Structure formats: C-alpha cells, structure tokens
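Counting in our numbering, the sequence shown runs from 51 upward without gaps.
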Amino acid sequence: MKYKKIVVITVFVMLISYLIMAFIPVTSSKVYAGQLPAGTLSRDIEGLDDNLYPGYKQLIKNVQAKHGNYTFLLYYTGMNWNEVLATEYQGHGRSPLNLFQIGTNYNGMWICPICGNKAYDNGSWCCASLEALAYMMDPRTSINEDDVFQFKDLEGGDVTYNDIARVVSGYGAYLNNGEAIQAIVDASNQYNINGYFLVAKIINEHGRNGSTLSNGNGYNGNYRGCYNYFNIGSTGNGSANIINNGLSYAQNHGWTSIRASILGGSAVVKESYITKYSQNTLYYQKFNVSGKSPLASHQYQQNIMAAQSQGSSLKKYYSNLGVNNHVFIIPLYENMPRETSTRPNQGKANTISYENGVIQNISTSLKVRASANGTAIGALNNGEDVKILQRANTQIGGYFWDLIVSEKSGTYGYAARIIGGDTCIASKGSTGTSGGSASDVQPEKPKPEPEPEPEKPVKPDKNLETDIKLEEDIIKILPDINYEDLKEKYKDVVVQNSKGEIITSGELGTGYKIIIEEKTYPIVKMGDINGDTRITVADVRIMLNSISKTGEELKNEYKQAACLNGNKTFNTGDVRYLLNHISGYDFISL
C-alpha cells in the first residue's frame, strides 16, 4: 500500500473549554472516575468509568487474565467519537483517507456508498464506508489477543541481528539479506524504535518478494540504484505516478543503497511520526488521534487494514521468541455507543439516496462541520455542487444542519442550510442513488432519538449553618462563602490572607486563617486547591498532577480542599465532582 500525505484541517478545542463545556454531567449520587482532561495518559484501569467508556475495562481485563505481563495505558483523547468518524470520512471522489481491497470477505457494507466501486490508488482499492471505518477504528474490536498489538508502544530498540534474520527468513531477497538485516538492527538501536515494527512496515509496503520501489532496478530507465523501503513520498493515483514519485523522493534523499533507504526511512518514521506527533503506535500512525496535530492529518497510509495487519505481524514475531512484556496504549473517545462496532456485512449492498444541490448566497465560504454545530473541518464555495444526503428537520444552535458531500472536494459533513434568511444549500430539483456491489438489501432500522441532555440543577440557597463547618483544628467552607458571611456568623472574627495580612471584606481562599476567641483555624475552601479564592480548571490540573505523581503532593488544608467526597484522600472521583461543580451540573456540599 502506498503512503498518502493527506491533510484535513480541523479545529481542536482547548483544554479549558473541553473541561468546562464538554464534560458529561453526573445525574445520580454515584461518583465515577469519569473523564480526564484531553491528553491524559493513565494506568488506572480499575477506575475507568464503564458508563462513559463502555466495554473497555472488561476487554482489557480479559487480555490481562491470560497475559499478566501486559501493561495497558489509557489515553484520553477528549475527542467525540462521531466527530472523529466524520473527520476521517473525507476525500470522496478524489483521494479518500481510508481505502481497502475488495474481496470475498470485504464487499457489501464495507464499500462507501458515496464512491461505490470507484477504483483508487493503483486501481485495486476502494473507499471504505462509515461502517467499515467505525469497525476498524473502534478500539474495543481490537482489544483481544489477536489484534491488540496495533496498540503496542513502538519505542525501544530491542532486537539483535539473529532476531531479525529469524523473522525475515521466509521472505524474498530484498529483505532476507545481510545488508537489510543489519540496517534494520542499526536503525532500531540508533532511533530507539521497535525493530519488529520496522520489519512489519516494510513487508506491509512491499509484500513477501518486494516491489519496484525496493528492488533498486529503477523504473522505465530512470532511478536505477534508488531504493524506497518505506514508500515515503509514494503518492498519487495510478501505479506509474506512485512509483515515479516514490523513486524521485529516494533519489533526492540519497537513498542509493538498501542501508541508506532503511536508515533514512526509519529516521523519517521516528522523527516525523513518533517524536514530533506522538504517533507511537500502529493505530496512531493510521488514525491520528494523538492530539499533537489536526485530527485525520499526518496519517502514514490510506490502507484501513494497516494497523491491524502490521500488529498481527508484530504479535507473530514476539510469539516465536517467547517475549511477553509489552506496553499497550489504548485511546478513549467520548460519547462511544454502548455496543462495540460490528463487522460490516459483506453480503449486503451499501446504498444511499440523495438530492442534487448547489451552494449559493455565500459571501466568503460555507463551513462544513464534523457534527451539527460542531467542529469545522472544511468549507464550500458559491456554485459548488453537492449531494444532500440528509435534510435536517429541527434546528441546532439556530440553524438547520444538512448532511452533504461536495462533488468537487469530497468534503463530507454538516452545513447550515439557511443563514441570515438566505438559502445556502439549494436543491436542483433532482435526486439519485449510489452504492457498491452486493445483494440482499434490507431496509435500515430507524435510529433511536438521542436522549435529551439532563437539565442543570437549581443551585441551593446559601445557608450559613450548613455551608460553614468549624472542626477541631480547621474551618471548612463552601465556595460561595465570603468574609461577610464569616463575620455574620462569628461576630468578633479576624481573618488573615495567605500572606498573613488582615482582610475586612471579599473572597476567601484555602490557606487563609480565621481567629475566633483567640484560637486560629486554617480555612479549607472546598475545591479551591491552589488557594487563589476561585474554583477553576487550574484546581483540576493540580489534583490530576498529584494523583498521577507528576506534580507536588497535596498536604494539610490543600489536600482537605481536594477531598470533596468526604474521604481522607482524594481520587479521580473527586476530580469528576469538581468538574461537574465548575460546569454547573452538581454543587459541592459539606
């Protein structure tokens, strides 16, 4: 499969917006570990909330029960599952982000109904459907003994010459030779990158016996003595275009020997993918959700099977050697369906009906979003033809969001039908259907209506008897309590801020002190972890850093301010409680 460097521009939500706006509310008295901020890497499998991330925990435990030396890390992407799928489902009619080769087991619902049986790349590849994309991207379909190696951490040089010679012994001379074997070992050690991964990637690109790009014989009399073992720069449609571009890249980078190609290609993979963008698993290299670059950009190849097939090769190499110590990084998405994505039915045709439409009445461009009123992922211009796949019946955010795909760019997503009273997505008055091969078409089951978002509770009135709690050595207060409230409850009170200065009005913070009848009590303002008098996401970050031991350990009144559930210590359940307080879906109480 040839590499494609395809960039889809998207907008990432900043951490603070994510924490406050995207956090799922708690609607019961039970508190879970819940979501952690986007970019968090956690070892806490037991604390994973099955309501938010259904199925993950048990699948991981099933694998660990058979392989006690396997270590699993959870990566909280902070990305909405449906938006991830929509952002990956791009390039229709031009250069789709995800391709597969039609076969007996890959037909029917595997085929994108927008593109149908249209051939891409060298002519043997078809655009993958949303159903196929969901099946291959859903981590839960691959957390099993056979497929989990696509999540293996690829950093670390851990191979010898004999290790590589053993695994390539059944392959062609392009790979099974001393120069190639030694180059793979040296690249693994020099760039601290998994040697078996390099073997698997080379085989995935060139097969058992190699190809024009790896045999050094050139192409049509040009590029003789040039090698491209990782197919880097091998872009385009049609074999001639792909081969010429790949060999030109090799020539321009001095890859005029097997060793130079393997070392040079390995450096590109390590620096451009693993180091720069944290794409340190096969899964991240195929589906870029690492958060270090725009979603669905900087992906190593279009082959939707690449991560799974190369992961299977890794598993086989390690199994033959008896090595059983591995680290796997599992991505978590928000708003995942309860059920694991199912394998597309190869015996059922995938078809769609659509209206033919055109974009009009736009002063600049019409944004296309990954969901209704969601993240912008593209734009349409006046006069651009589109297929209208679904008309919206209700407004979201003041607009009717129609599902469309551009005939020109292949951009797929949601766009506002009417803006400022002007119709921007107009029907041409004609309709059509499209789809791929297969038979036995059955009507789709109607999708259930989404459950409405829970209403925010009414904030309780301030009560000085319950909102201020004087204990033996400290005084605990709720976030809304200020100096005036303390003065009302304790007439002759003296309050000092964290600098020891006496204050006579305003907000209070953790670490302040109150003097009542000549006895001094430290103030614990619940949720104010850093003592700045406010309850914000900065307090959340301090709690998480303390839990993960990447920050200072919280002590004394600052620790007590974090123990929101009334325990002597705090955990991710307290983090979730604080986040819900910040977003208005719950309120801290004593």
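Backbone N, C-alpha and C fix where the C-beta goes; we use that ideal spot for every residue, glycine too. The structure displayed is predicted, hence computed values, not measured ones.
As assigned by DSSP and simplified to three states, the class of residue i
i: aspartate 624; result: helix
i: methionine 576; result: coil
i: asparagine 254; result: helix
i: aspartate 435; result: strand
i: alanine 184; result: helix
i: threonine 516; result: helix
i: lysine 497; result: Low per-residue confidence applies at lysine 497: pLDDT is 41, beneath 50, and the placement is therefore not dependable enough to give any value.
i: serine 343; result: coil
i: methionine 159; result: helix
i: aspartate 636; result: coil
i: asparagine 395; result: coil
i: lysine 563; result: strand
i: glutamine 404; result: Note that residue 404 corresponds to tyrosine in the displayed sequence, not to glutamine. Three-state DSSP puts tyrosine 404 in a strand.
i: tyrosine 608; result: helix
i: histidine 631; result: helix
i: phenylalanine 202; result: It should be pointed out that residue 202 corresponds to lysine in this sequence rather than to phenylalanine. Lysine 202: strand per DSSP, three-state reduction.
i: arginine 388; result: coil
Nonlocal neighbours in the same chain, by C-beta distance under 8 Å from residue i, ignoring five residues either side
i: aspartate 542; result: Ile566, Glu567
i: alanine 184; result: Leu135, Ser391
i: leucine 180; result: Leu135, Tyr139, Cys162
i: glutamate 205; result: Asn242, Ile243, Asn244, Ile324, Asn330
i: asparagine 278; result: Leu263, Ser264, Ser284, Gly296, Leu297, Tyr299, Ala300, Trp305, Ser311, Gly315
i: histidine 303; result: Gly314
i: asparagine 155; result: Gln396
i: leucine 86; result: Ser92, Tyr126, Leu594, Thr622, Val625
Between the CA atoms of residue j and residue i - distance to the nearest angstrom
i: glutamine 352; j: phenylalanine 150; result: 8 Å
i: asparagine 167; j: alanine 230; result: 38 Å
i: aspartate 208; j: aspartate 236; result: 11 Å
i: phenylalanine 247; j: glycine 315; result: 13 Å
i: tyrosine 126; j: leucine 98; result: 11 Å
i: isoleucine 438; j: glycine 158; result: 22 Å
i: isoleucine 379; j: serine 555; result: 50 Å
i: asparagine 580; j: glutamine 610; result: 12 Å
i: aspartate 636; j: lysine 512; result: 15 Å
i: asparagine 226; j: asparagine 212; result: 12 Å
i: lysine 563; j: glutamate 515; result: 19 Å
i: asparagine 239; j: glycine 89; result: 28 Å
i: glycine 623; j: alanine 612; result: 11 Å
i: arginine 393; j: threonine 414; result: 41 Å
i: glutamine 152; j: aspartate 472; result: Before going on, a small fix: residue 152 reads as isoleucine here, not glutamine. Distance between the alpha carbons of isoleucine 152 and aspartate 472: 43 Å.
i: serine 219; j: aspartate 452; result: 55 Å
C-beta contact flag for residue i and residue j at 8 Å
i: serine 311; j: asparagine 295; result: no
i: methionine 576; j: phenylalanine 620; result: no
i: arginine 467; j: alanine 429; result: no
i: isoleucine 402; j: glycine 485; result: yes
i: glycine 361; j: glutamine 200; result: yes
i: arginine 144; j: serine 459; result: yes
i: asparagine 375; j: asparagine 119; result: yes
i: asparagine 130; j: asparagine 400; result: no
i: isoleucine 525; j: isoleucine 573; result: yes
i: valine 318; j: isoleucine 282; result: yes
i: tyrosine 106; j: leucine 382; result: yes
i: tyrosine 462; j: histidine 117; result: no
i: glycine 222; j: asparagine 259; result: yes
i: serine 343; j: tyrosine 334; result: no
i: valine 377; j: lysine 202; result: yes
7 Å CB neighbourhood of residue i in its chain, flanking five on each side removed
i: arginine 93; result: Leu123
i: lysine 336; result: Gln349, Tyr350, Gln351, Ala356, Ala357
i: serine 289; result: Asn172
i: glycine 583; result: Here the sequence assigns threonine to residue 583, which means glycine is not the residue at that position. Hits under 7 Å: Glu557, Leu558, Gly559.
i: glutamate 133; result: Ala420, Ser421, Gly424, Thr425
i: isoleucine 409; result: Leu416, Leu430, Asn431, Asn432, Gly433, Glu434, Val436, Cys474, Ile475
i: glutamate 551; result: none
i: histidine 631; result: Gly577, Ile585, Phe637, Ile638
i: glycine 482; result: Tyr404, Asn406
heavy atom of the ligand SAM below 7 Å from residue i C-beta
i: leucine 594; result: Although the ligand SAM was asked about, the structure shown includes no ligands whatsoever.
Same chain only: Cβ atoms within 6 Å of residue i, ignoring 5 sequence neighbours per side
i: glutamine 301; result: Tyr273, Cys276
i: cysteine 177; result: Pro146, Cys162, Cys165
i: isoleucine 527; result: Ile518, Lys575
i: phenylalanine 280; result: Gly315
i: tyrosine 170; result: Leu149
i: glycine 286; result: Ile292, Asn295
i: isoleucine 308; result: Glu229, Ala230, Tyr277
**Request:** Could you pull out every unbroken alpha helix (DSSP H) segment of at least 4 residues lying fully inside the stretch 219 to 293, listed in chain order?
**Result:** 228 to 240, 245 to 256
**Request:** Mind listing, in chain order, the continuous alpha helix (DSSP H) runs of no fewer than 4 residues lying wholly within the stretch 82 to 156?
**Result:** The qualifying runs are 106 to 116, 131 to 138.
**Request:** Starting from the N-terminal side, write out each stretch of the alpha helix (DSSP H) that is 4 residues or longer and does not extend beyond the stretch 315 to 379.
**Result:** 332 to 336, 356 to 371
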